[in-house]
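What follows is a single structure, written as structure tokens, with notes after it.
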Amino acid sequence: MPSPAERFLDAAVRPFSDNPELQIHARRELEERIDPASTENPSWDSAAERLQHHDRKWWRGKAGFIFLILILVAFFTCFYPGLIKLIKAKGTLESLVDGSGGSETHAEIRERISKGMTMDQRLILFGTSSDNSGKVADEELWQRHPDNPCYLAGYARAYTVEHGTLPPDYLETAARIDPDNGWFPAHAATILASRSVKAEPRTEEEKKARKPKQWKILDPAGLDQAVALLVKARSLPLFESYTNERFAERIALLPPANDFGSYIDRVAIAARAPMAGLWSQKLIEVIGPQAQRLAEEDKKEELHDLLLVWKDLNPRMLADSNELTGILAVYATTRACVGAFREAARRLDLGETSQSLEPLYEAIEADYQKRPLIDSSALEELADKHGNMLSVTILPVFARQANAAPVIDGESLKPIRLFDHAWGGRLLYLGLFSLMGIAAGCAWLYRFRHGRLIRLLSARVTALMTPADWIWILLVGGCGPLLAYEAIQYLTPLGMRDWGFFYILKMKPSPQLNAWGVLTFVAPIAIARWRLGLRTQTWKLKHARPWLGWSILFFFLLLMPLVGLAISHDLVKRWEIAWTTLFVLGSLWWHTLAIRALCTRRATALARQATARLIAAAYGTTMLALAVAATVTRFEERYWLKRDTLMQVEADKPGFMQFEYQVGQVRKSEVMEILSPLEEIR
Numbered sequence: 027m028p029s030p031a032e033r034f035l036d037a038a039v040r041p042f043s044d045n046p047e048l049q050i051h052a053r054r055e056l057e058e059r060i061d062p063a064s065t066e067n068p069s070w071d072s073a074a075e076r077l078q079h080h081d082r083k084w085w086r087g088k089a090g091f092i093f094l095i096l097i098l099v100a101f102f103t104c105f106y107p108g109l110i111k112l113i114k115a116k117g118t119l120e121s122l123v124d125g126s127g128g129s130e131t132h133a134e135i136r137e138r139i140s141k142g143m144t145m146d147q148r149l150i151l152f153g154t155s156s157d158n159s160g161k162v163a164d165e166e167l168w169q170r171h172p173d174n175p176c177y178l179a180g181y182a183r184a185y186t187v188e189h190g191t192l193p194p195d196y197l198e199t200a201a202r203i204d205p206d207n208g209w210f211p212a213h214a215a216t217i218l219a220s221r222s223v224k225a226e227p228r229t230e231e232e233k234k235a236r237k238p239k240q241w242k243i244l245d246p247a248g249l250d251q252a253v254a255l256l257v258k259a260r261s262l263p264l265f266e267s268y269t270n271e272r273f274a275e276r277i278a279l280l281p282p283a284n285d286f287g288s289y290i291d292r293v294a295i296a297a298r299a300p301m302a303g304l305w306s307q308k309l310i311e312v313i314g315p316q317a318q319r320l321a322e323e324d325k326k327e328e329l330h331d332l333l334l335v336w337k338d339l340n341p342r343m344l345a346d347s348n349e350l351t352g353i354l355a356v357y358a359t360t361r362a363c364v365g366a367f368r369e370a371a372r373r374l375d376l377g378e379t380s381q382s383l384e385p386l387y388e389a390i391e392a393d394y395q396k397r398p399l400i401d402s403s404a405l406e407e408l409a410d411k412h413g414n415m416l417s418v419t420i421l422p423v424f425a426r427q428a429n430a431a432p433v434i435d436g437e438s439l440k441p442i443r444l445f446d447h448a449w450g451g452r453l454l455y456l457g458l459f460s461l462m463g464i465a466a467g468c469a470w471l472y473r474f475r476h477g478r479l480i481r482l483l484s485a486r487v488t489a490l491m492t493p494a495d496w497i498w499i500l501l502v503g504g505c506g507p508l509l510a511y512e513a514i515q516y517l518t519p520l521g522m523r524d525w526g527f528f529y530i531l532k533m534k535p536s537p538q539l540n541a542w543g544v545l546t547f548v549a550p551i552a553i554a555r556w557r558l559g560l561r562t563q564t565w566k567l568k569h570a571r572p573w574l575g576w577s578i579l580f581f582f583l584l585l586m587p588l589v590g591l592a593i594s595h596d597l598v599k600r601w602e603i604a605w606t607t608l609f610v611l612g613s614l615w616w617h618t619l620a621i622r623a624l625c626t627r628r629a630t631a632l633a634r635q636a637t638a639r640l641i642a643a644a645y646g647t648t649m650l651a652l653a654v655a656a657t658v659t660r661f662e663e664r665y666w667l668k669r670d671t672l673m674q675v676e677a678d679k680p681g682f683m684q685f686e687y688q689v690g691q692v693r694k695s696e697v698m699e700i701l702s703p704l705e706e707i708r
């Protein structure tokens with residue numbers, strides 16, 4: 027009667043029955059690895075039964091192919107669409123904001139964003155029907171809606187920037203369709219004046235002494251016409267540039283910001299929107315030359331009347347501006363105009379008017395001197411450590427534009443920080459997915475290292491694995507490191523989610539991420555060797571120094587929470603040497619195993635090829651787990667983006683983020699308070 031070991035050998039070489047010579051070699055190869063003292067061990071019968079059970083399952087031989095299909099499906103459904111969106115978002119920023127090109131052309135971006143829109147909607151969003159239309163922004167929109175003052179204002183702004191003159195029949199058209207709006211004549215006044223005067227160059231000493239510009243009047247009649255238009259603008263009841271309405275109209279056409287790509291689309295469109303107060307910068311080209319001329323001609327009453335005209339128009343210009351850039355532009359123009367009036371009033375000795383202008387001038391200058399001294403270092407540090415990639419550069423800049431900007435704390439930064447963690451984490455998952463794919467491919471190719479016999483026998487060895495073994499190898503080894511990493515991130519205060527995503531990446535090395543990465547590669551090897559050893563205890567398939575793999579596994583598993591503890595207690599520099607050393611040791615162990623596997627002797631080839639098969643399956647499982655994790659980040663991205671109150675773009679809040687709008691409203695209130703002495707001028 028055959029012994030249990032012989033019954034196992036019969037079951038092990040049964041698939042080779044179509045090649046008797048190969049079957050003989052396979053049996054001899056296995057006999058050499060069986061301990062003679064264990065031939066009567068009942069475990070051989072259990073092993074034979076597992077092989078027979080394995081052979082009855084037709085899908086077992088197709089498992090690798092099924093795995094490959096699942097991995098490809100996971101890549102093209104979980105990673106590829108998001109990767110394309112990120113690439114397009116980068117191209118959108120480059121092409122729409124700074125015009126530098128990028129991965130997409132401007133025409134491609136227009137077509138993608140405005141897909142499914144009507145022609146009117148496309149014109150509202152981009153201003154022109156195409157990049158090569160040969161027309162300025164809003165011209166086609168105005169031609170399609172010639173009775174809409176909002177589109178006339180947009181067309182006029184673009185036309186004057188492009189040509190330096192007013193559009194044909196501009197004032198007549200404005201008087202016909204929007205007769206009560208003073209913005210149109212005020213805007214026309216600045217354009218006429220810019221062609222009628224020229225500023226004389228100032229020396230550095232004059233600039234430091236804050237002396238107002240001196241003007242050369244090229245066309246007195248043109249300047250008179252500009253002043254008359256300002257007087258007319260003052261007499262009209264409305265003052266509306268329609269930039270707020272135009273901004274809301276643009277943003278309302280965009281889909282809600284649900285991910286990084288749609289968020290960048292909204293930011294890019296908002297950044298290109300016209301600002302209400304920018305046109306006012308040329309107002310000094312009316313006020314400055316006229317005030318200088320009236321002072322030279324000793325016309326006190328006319329100068330006082332001009333001051334009253336400007337005094338009434340200035341708060342209306344400020345009220346019309348809601349975005350921060352426009353408010354700052356109006357304030358800069360106000361400063362220049364006050365300086366021009368102050369100089370002219372002093373020359374004419376206007377008495378009470380001069381006395382009223384002096385404290386106003388000093389208050390404005392004091393405010394300008396104070397703003398560069400605003401300390402934003404605390405916000406910069408907070409945004410760097412706990413914000414996102416844009417907050418560290420943008421938020422402090424905006425905060426310095428107001429003396430009492432809205433306070434930002436860690437809680438308000440949380441949505442944008444975790445938004446970055448969501449889309450940035452998906453990139454990390456993609457990177458590790460790619461590395462695991464390479465590693466799994468190398469492990470799969472390793473089966474061809476020692477010829478057909480060892481390759482086929484290694485498949486029979488892995489067929490001995492029980493369901494419990496596969497649970498350990500695939501779920502614990504393949505998914506365990508990811509689950510441990512995510513548990514630390516989401517369930518404990520020792521993760522990195524309280525820190526900015528890019529702040530973590532700036533650490534050299536990024537310890538928790540590196541620990542997770544090494545653990546992902548090491549855990550399947552250690553567990554696969556362990557479980558294979560359990561199934562081949564009576565074989566001569568021993569792995570050298572298994573304790574080393576378990577030690578590396580333990581240290582890196584312990585390192586992940588310890589790193590979080592070190593960072594939260596500001597002990598990063600003290601730990602750098604320790605975790606760098608561990609990282610090097612873990613990487614060295616993994617690479618040493620790979621090199622030894624390539625250079626292995628035939629006597630140890632069977633164990634290593636069987637281990638490589640198990641590792642390939644574990645790495646494939648890791649890739650599927652990463653795909654699931656990447657899918658979860660999509661929902662996270664949407665969840666946190668909707669809760670952001672700092673950097674979202676809202677249609678009713680002009681500017682390319684909410685914090686800019688918030689600072690703008692604070693700054694507007696501060697400017698109105700600074701300019702309150704104007705009310706005393708009668």
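Taken in order, the sequence shown gives residues 27 to 708; the numbers are from my numbering. Using N, Cα and C, we set each Cβ at its ideal position, and we do this for glycine too.
query = Going straight from the alpha carbon of G127 to that of G117, what length do you get?
reply = Sequence index remark: in the sequence shown, residue 127 carries index 101 (1-based). Sequence index remark: in the sequence shown, residue 117 carries index 91 (1-based). With a pLDDT of 44 at G127, under the threshold of 50, the predicted position of this residue should be treated as unreliable, and no value is reported.
request  = Could you confirm whether any beta carbon from chain B is found closer than 8 Å to the beta carbon of G477?
outcome  = Absent here is chain B; the protein component of the structure consists of one chain.
key: Where the beta strand (DSSP E) containing I243 begins and where it ends   = Against the sequence shown, residue 243 aligns to sequence position 217. Run containing I243: 241-243, per the beta strand (DSSP E) assignment.
query = Could you check where the alpha helix (DSSP H) with K411 kicks off and where it finishes?
reply = Numbered from its first residue, the sequence shown carries residue 411 at position 385. In the DSSP assignment, K411 falls within the unbroken alpha helix (DSSP H) covering 403-412.
message = Helix, strand or coil for E311? Go by DSSP, reduced to three states.
response = The count along the sequence shown starts at 1 and reaches residue 311 at position 285. E311: helix per DSSP, three-state reduction.
ask   = Using DSSP with H/G/I as helix, E/B as strand and the rest coil, what is I641?
value = Taking the first residue of the sequence shown as 1, we reach residue 641 at position 615. I641: helix per DSSP, three-state reduction.
ask   = Which term fits V433, buried or exposed, when burial requires 16 or more other beta carbons within 10 angstroms of its beta carbon?
value = Stepping through the sequence shown from its first residue, residue 433 is reached at position 407. With fewer than 16 other Cβ atoms within 10 Å, it is exposed.
C-beta atoms of A431 and V675 nearer than 8 Å = Taking the sequence shown and counting its residues from 1, one reaches residue 431 at position 405. Taking the sequence shown and counting its residues from 1, one reaches residue 675 at position 649. The Cβ-Cβ distance between A431 and V675 does not fall below 8 Å.
query = Helix, strand or coil: how does DSSP classify E676 here?
reply = Numbered from its first residue, the sequence shown carries residue 676 at position 650. It is a strand residue.
ask   = So, are the CB atoms of K239 and K224 less than 8 Å apart?
value = Taking the first residue of the sequence shown as 1, we reach residue 239 at position 213. Taking the first residue of the sequence shown as 1, we reach residue 224 at position 198. In this structure, the beta-carbon distance from K239 to K224 does not fall below 8 Å.
ask   = What separation, rounded to the nearest whole angstrom, lies between the Cα atoms of A643 and L500?
value = Numbered from its first residue, the sequence shown carries residue 643 at position 617. Numbered from its first residue, the sequence shown carries residue 500 at position 474. Spanning the two alpha carbons is a distance of roughly 7 Å.
task = Starting from V253, follow the alpha helix (DSSP H) in both directions and report where the run begins and ends.
result = The residue you call residue 253 lines up with position 227 of the sequence shown. Looking at the DSSP string, the run of the alpha helix (DSSP H) that includes V253 is 246-261.
inquiry  = Just verifying my parser: in three-state terms, what is the DSSP assignment at I400?
reply    = The residue labelled residue 400 in the question sits at position 374 within the sequence shown. In the structure shown, I400 sits in coil (DSSP, three-state: anything other than H, G, I, E or B).
query = DSSP on A709, reduced to helix/strand/coil?
reply = Only positions 27 to 708 of the chain appear in the structure, and residue 709 is not among them; the question remains open.
task = Pull up the distance between the alpha-carbon of P550 and that of P281, whole angstroms please.
result = For the purposes of this step, residue 550 is taken as the residue at position 524 of the sequence shown. For the purposes of this step, residue 281 is taken as the residue at position 255 of the sequence shown. C-alpha separation (whole angstroms): 43 Å.
request  = Measure the CB-CB distance between A254 and A321 and report whether it falls below 8 Å.
outcome  = In the sequence shown, the residue the question calls residue 254 occupies position 228. In the sequence shown, the residue the question calls residue 321 occupies position 295. Their beta carbons are not under 8 Å apart, which means A254 does not touch A321 by this criterion.
Three-way DSSP call (helix, strand, coil) for I707 in this model = Within the sequence shown, numbered from 1, the residue matching residue 707 stands at position 681. Of the three classes helix, strand and coil, the one that applies to I707 here is coil, per DSSP.
task = May I ask you to report which of helix, strand or coil DSSP gives L421?
result = As a position in the sequence shown, residue 421 is number 395, starting the count at 1. Residue state, collapsed to three classes: helix.
query = Buried or exposed: which applies to I715, given that a residue is buried once 16 or more other Cβ atoms fall within 10 Å of its Cβ?
reply = Not covered by the structure: residue 715. The range shown for the chain is 27 to 708.
ask   = Do the CB positions of F93 and G646 come within less than 8 Å of each other?
value = Along the sequence shown, read from residue 1 onward, the residue named residue 93 stands at position 67. Along the sequence shown, read from residue 1 onward, the residue named residue 646 stands at position 620. Cβ atoms of F93 and G646: closer than 8 Å.
request  = Compute the Euclidean distance between the alpha carbons of V349 and L197, then round it to the nearest angstrom.
outcome  = Numbered from 1 along the sequence shown, position 323 holds the residue referred to as residue 349. Numbered from 1 along the sequence shown, position 171 holds the residue referred to as residue 197. Reading the sequence as shown, one finds Glu at residue 349 and not Val. Roughly 26 Å separates the two Cα atoms.
request  = Check whether the segment 402-418 touches the segment 248-265, counting contact only when three or more Cβ pairs, one atom from each stretch, lie closer than 8 Å.
outcome  = No, the segment 402-418 does not touch the segment 248-265.
query = Do I353 and K111 have their CB atoms nearer than 8 Å?
reply = Looking up residue 353 in the sequence shown gives position 327. Looking up residue 111 in the sequence shown gives position 85. No; because the gap between Cβ atoms is not below 8 Å, this pair is not in contact.
task = Return helix, strand or coil for L490, following the three-state DSSP convention.
result = Sequence index remark: in the sequence shown, residue 490 carries index 464 (1-based). DSSP places L490 in coil when its eight states are reduced to three.
Meets three-Cβ-pair contact criterion under 8 Å: the segment 520-530 and the segment 554-564 = With a cut-off of 8 Å, the segment 554-564 and the segment 520-530 do not count as touching, because too few Cβ pairs lie within range.
message = Taking its Cβ as the centre, do 16 or more other Cβ atoms sit within 10 Å of R486, making it buried, or is it exposed?
response = Mapped onto the sequence shown, residue 486 falls at position 460. The residue is buried, with at least 16 neighbouring Cβ atoms inside 10 Å.
ask   = Helix, strand or coil: which one does DSSP assign to K325?
value = Walking along the sequence shown from the start, residue 325 turns up at place 299. Three-state DSSP puts K325 in coil, outside helix and strand.
ask   = Between the C-alpha atoms of F367 and G314, what's the straight-line distance to the nearest angstrom?
value = The residue labelled residue 367 in the question sits at position 341 within the sequence shown. The residue labelled residue 314 in the question sits at position 288 within the sequence shown. Straight through space, the alpha carbons of G314 and F367 are spaced by roughly 8 Å.
task = Thinking P341 and P703 are a contact (beta carbons under 8 Å), I'd like their distance in whole angstroms, please.
result = Residue mapping note: residue 341 aligns to position 315 of the sequence shown, counting from 1. Residue mapping note: residue 703 aligns to position 677 of the sequence shown, counting from 1. The distance from the Cβ of P341 to that of P703 is about 13 Å, inconsistent with a contact at the 8 Å cut-off.
ask   = Would you call the CB atoms of G272 and G208 closer than 8 Å?
value = Residue 272 sits at position 246 when you count from the first residue of the sequence shown. Residue 208 sits at position 182 when you count from the first residue of the sequence shown. Here residue 272 is Arg; the residue named in the question, Gly, does not match the sequence. Their beta carbons are not under 8 Å apart, which means R272 does not touch G208 by this criterion.
key: Proximal residues to T154 (C-beta, below 7 Å), its chain only, five neighbours per side dropped   = Numbered from its first residue, the sequence shown carries residue 154 at position 128. These residues qualify, in order along the chain: K161, A163, E166.
request  = Grab the span of the beta strand (DSSP E) containing K223 for me, first residue to last.
outcome  = Residue numbering aside, residue 223 sits at position 197 when the sequence shown is read from its first letter. Lys is not the amino acid found at residue 223; the sequence shown has Val there. Per DSSP, the unbroken beta strand (DSSP E) holding V223 starts and ends at 223-225.
task = Using DSSP bridges, identify the partner residues of N207.
result = Position 181 of the sequence shown holds residue 207. DSSP, once it has assigned bridges, lists L264 as partnering N207.
ask   = Start and end of the alpha helix (DSSP H) containing N270?
value = One-based indexing of the sequence shown puts residue 270 at position 244. Its alpha helix (DSSP H) spans residues 269-279.
Close beta carbons around I139, own chain, < 6 Å, minus the five adjacent residues each side = Taking the sequence shown and counting its residues from 1, the one referred to as residue 139 is at position 113. Hits under 6 Å: D291.
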